[in-house]
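Working notes for the structure below.
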Amino acid sequence: MTQTQADDLRPTTAEPVVLMRGISIEFPGVKALQDVDLTLRPGEVHALMGENGAGKSTLIKALTGVYTPDAGTTTLNGVQVAFHGPAAAQSAGISTVYQEVNLCSNLSVAENILLGREPRRLGGIDGRAMRARSAEVLARMGLDVDPASILSSHPIAIQQLVAIARAVEIDSRVLILDEPTSSLDADEVAELFRVIRSLRDEGVAIVFVSHFLEQVFEISDRMTVLRNGRVVGEYATAELTRLELVSAMLGREMDLLEEIERAVAESAPSDATDTPLVRVTGLGRTGAIEPFDLTIRAGEVVGLAGLLGSGRTELARLLFAADRADAGHVEVDGRPLRLRGPRSAIAAGIAFCSEDRKGEGLVADLSIRDNLVLAMQAARGWARPIPRRTKDELVEKYIEALDIRPGNPDALIGNLSGGNQQKVLLARWLVTEPRLLILDEPTRGIDVGAKAQIQKLVADLAAGGMAVLYISAELEEVVRLSDRVVVLRDHRKIAELDGRDVSVSDVMALIASGDQADHRSGGTERKAS
Amino acid sequence: MKAAQLPTRPEGAAPVATSRPARRRTPVPTRFLPVIATFVLFVAMFGVGSVRYEGFASGQVVANLFIDNAFLIVLAVGMTFVILTGGIDLSVGSVVALSTMVAAAGLQAGWSAPLTILAVLAMGSGFGLLMGLVIHYFEIQPFIVTLAGLFLARGLCYVISVESIPIKDDTFRSIATGVIELPGGTVITPSVVIALVVVAVAAYVLHLTRFGRTVYAVGGSESSARLMGLATARAKVGVYVISGFCSALAGLLFSFYMLSGYSLHAVGMELDAIAAVVIGGTLLSGGVGLVVGSLLGVLVLGTIQTFISFEGTLSSWWTKIAIGTLLLIFIVMQRLFVGRKA
Ligand SMILES: Nc1ncnc2c1ncn2[C@@H]1O[C@H](COP(=O)(O)OP(=O)(O)OP(=O)(O)O)[C@@H](O)[C@H]1O
Ligand SMILES: [Mg+2]
């Protein structure tokens, strides 16, 4: 691979906007960044690449004044700067979408876009101008949402787009996007890329972080790869192959990765037993998902495919009784189960690993150990204490199985990198040893290596007799892992396919097709009874 | 690895967000429901009162609600700001007492009325500022800091005097005895006007200024608000200054009402203020609530008292029992609202 000089890629004569040199940041026990350089040029999309915990988000926060570096200098347009907080960076022309949605869900969409920059009239905030302005920005993003609606009434994907809209609205010279696409589907990503390109052509310097290599290769002009808090190198995207990038990120050859993937592929067609573990009949909730039937056997992986907003999460939430169903019933082991709330679902051995890890999943102020123990204790009931030895063993086991980094059980969840938080969330449900595990976007925000690990884990769990309902926007994953694939569209179950001989394109065709799909009875479709 | 991208918008398909039907909302946004519930409760209580007791359904009874609770309205407004950020201010009752003391002692020492009023307001705001700074910069829980404030302010009262100090100043007396006649023969006091102005100003600040919106944002998620580049420190400290100012103002209104300064005035009044705010639909966790709700909350509390005085035979402790029950009901109701929203 070639390590390019700063100016032999595009005919840009422009001086760098941002120059970070020798940045180091140390947290208690972790050297998050060591002697890191970053150069951002106007009119360029710069990807920041690296495994979970490599230091990408930390570098961004060092630039925007959330953290003060222990060493190193930052210059903006040739002038040395040290921001004392995000507000200062923002007013200097750096607008940022941080990893995870960082908005106020109690306020309206319009307010979230314009908070701090509200148009004013006659000494007060001009509500009408505010809605008009945000409607404009939303339209530019290709989004059709009511600016006056409360943010929390929208799904995560929309919230993420609103966060991006907020950053785009600021007329800035540097736009930083930390994993902006983690919960978007292809259409929305395409829309976002259109916006990014037009900003780039206007001369904005853009930082783009993503674990989707495809997207990185599509949008970026240049990339800086980090590993364990150090820079591996700066590369021109055009001169780098995927393989080279992955080995730069992981510091090992791709072979290992492929090995894991092969193992997944082999163990995937697990031997499902014939007795249904969970049988759902006519379960539905108006406005969320139309009544559907579904049978899941022990040892089986059932995949849920569909576009974002097709009702995937809604279906899962009904099954977990996080939302109340208006119709239908659920049987577990042939016995009817009254789903009165998540507790009753948990008692029946159903676990739900939510896609919204910040809102629903983790307790940020507790350590990895406490988070795991909390779930374990809740599952056992509070009257039966768990011996210290068992706790430690289990915590060790999961940290190792999921390769959670840092592997220190006492690290606070709030301080872990986004991907590692996701792993802890997964581990938290695994310790409860559920019989049916519902995974909603378990690989979101997770790096290539860990993604393969998680898929392998799912395959192993199913082989061990656990039933898994696997939800993911990535059809490849769903198809590879699942014994059966349930396809949703427009809040309706439209088909159920046998996973063994289904291909990604079959599923795509179903999702894209019109209403005739309801009546289509291909050889692979099984009538849900 | 997203090797297989989903098809990019098949022909004739709708644009992005329409495939995800925007959930139709009820005509009344959920955030107004608690306030409406409080209003309905208030009207219903009044309805019951007018059926049961003769003379209950008069304009003057309503006006008296405002007259007797003007100081509590002002206190509740300040408390609303604090609770909206997710904080709490336990010191307000003591600051009311301290304000009556400072006012009475100052006047006794020969200060002019305007000077006394200014001094009291400055003292309250400064007290709030101090607590706010400690809460924000030392990251100590508001509960603890304002509890310390509660003891401190009450203790300072005793430093000034252990006895009750009467207020004989002419300006104070004329405000205290002054009445404003409304069309229809109902009378109110200047305090009522002051309280209503405070409510109006608070509503303006909360809804039409950046400071106010930042208060809501901080209550929604402080870390997000910070990352959004909002002036969170100013909002977090500011609400305690406002609460301190309101407490001092309430203290002045209270001294108009009692015409004395006394260390034992307004004991436990912070709890009445918190109760009013919660009954008015403001979430204790912050971020959700309206100042009008707090006004209605005070009126509900006042109505309970009116009931008891009309009943005549009931002990005034029934007020506490009624308030306690109501609080429980409202908090449970809020839980249900929030739970259903998810
Ligand atoms: N506030 C903090 N306190 C202590 N450690 C921290 C803190 N923030 C980050 N870290 C640690 O610094 C390292 C880098 O984290 P960072 O969030 O930058 O990773 P990342 O590259 O963004 O990963 P991901 O792809 O998972 O988002 C991690 O080991 C993390 O645990
Ligand atoms: Mg990150």
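So the sequences go chain by chain: G and R. Residue numbers are given in the numbering used here: position 357 of the first sequence equals residue 357, and the series is strictly consecutive. Throughout, the numbering used here is defined as the position within the second sequence, counted from one, plus 529. Quick reminder that beta carbons are idealized off the backbone N, C-alpha and C, glycines included.
- Given a length threshold of 3 residues, each whole run of the beta strand (DSSP E) inside the segment 338-414 of chain G is given here in chain order: 350-353.
- Distances between the C-beta of G:E179 and the heavy atoms of ligand 2 include at least one below 8 Å.
- CA-CA distance, R:L781 to R:Y687, rounds to 18 Å.
- Of the heavy atoms belonging to ligand 1, none sits nearer than 8 Å to the Cβ of R:P643.
- Excluding its 5 nearest sequence neighbours in each direction, R:I664 has C-beta neighbours in its own chain below 6 Å: P671 and V674, listed in chain order.
- Excluding residues up to 5 positions away in sequence, V827 and G831 lie with their Cβ nearer than 6 Å to the Cβ of R:N598 in the same chain.
- Secondary-structure assignment with DSSP links G:D440 through a beta bridge to G:I471.
- For G:Q215, the shortest separation between its Cβ and any heavy atom of ligand 2 does not lie below 8 Å.
- Look at R:Y745: its C-beta is under 9 Å from a C-beta on chain G.
- Uninterrupted beta strand (DSSP E) stretches at least 3 residues long and entirely within the segment 287-324 of chain G occur at 289-297 and 301-305, given in chain order.
- R:A802 is positioned such that its CB atom lies closer than 9 Å to that of R:L604.
- R:M652 and R:E799 have their C-alpha atoms some 18 Å from each other.
- For R:V817, the residues of chain G that pass the 7 Å Cβ criterion are N106, in the order they occur in the chain.
- R:K697 is classed as exposed because its beta carbon has fewer than 16 other beta carbons within 10 Å across all chains shown.
- At least one heavy atom of ligand 2 is found less than 8 Å from the C-beta of G:G418.
- In terms of side-chain proximity, the C-beta atom of G:Q99 is found nearer than 8 Å to a non-hydrogen atom of ligand 2.
- Of the other Cβ atoms in all chains shown, fewer than 16 fall within 10 Å of the Cβ of R:A573; this residue is therefore exposed.
- Looking at the backbone, the Cα of G:A459 and that of R:L824 are separated by about 59 Å.
- With distances taken between CA atoms, G:K493 lies nearest to G:V280 out of G:N408, G:M249 and G:V280.
- Between R:T609 and R:V806 a beta carbon distance of about 5 Å is seen, short of the 8 Å cut, so the two are scored as contacting.
- For G:L103, the closest Cβ of chain R is nearer than 9 Å.
- Membership of G:D506 in the alpha helix (DSSP H) is indicated by the continuous run V504 to A512.
- Counting C-beta pairs with one atom in each stretch, the segment 718-736 of chain R and the segment 614-632 of chain R have fewer than three that are closer than 8 Å, which means they do not touch.
- The shortest C-alpha to C-alpha distance from R:V861 to any of R:M757, R:V766, R:G810 and R:E583 is the one to R:G810.
- At a cut-off of 9 Å between beta-carbon atoms, R:S823 makes no contact with chain G.
- For G:L437, the closest alpha carbon among the candidates G:A411, G:V468, G:V189 and G:R173 is that of G:V468.
- For G:K451, the shortest C-beta to heavy atom distance toward ligand 2 is 8 Å or greater.
- By the Cβ rule, the segment 106-123 of chain G counts as touching the segment 157-168 of chain G, because three or more pairs are nearer than 8 Å.
- In chain order, M20 and V81 place their CB closer than 6 Å to the CB of G:T74, counting only its own chain and leaving out the 5 sequence neighbours on each side.
- Interface annotation, R:H736: in contact with chain G, CB-CB separation under 9 Å.
- In this structure, G:G50 has its CB closer than 8 Å to one or more heavy atoms of ligand 1.
- Excluding the 5 residues flanking it on each side, R:V727 has same chain C-beta neighbours closer than 6 Å at V603 and V606, in chain order.
- Chain order gives the chain R residues near G:I125 as H736, L737, T738, R739, G741 and R742, where near means a beta carbon separation below 9 Å.
- Its Cα nearest to that of R:S641, the residue R:F701 stands out among R:V747, R:I694, R:L658 and R:F701.
- Shown in chain order are the members of the segment 69-90 of chain G whose Cβ falls below 9 Å from a Cβ of chain R: G85, P86, A87, A88, A89 and Q90.
- In this structure, G:A327 sits near G:G282, with a CB-CB distance shorter than 9 Å.
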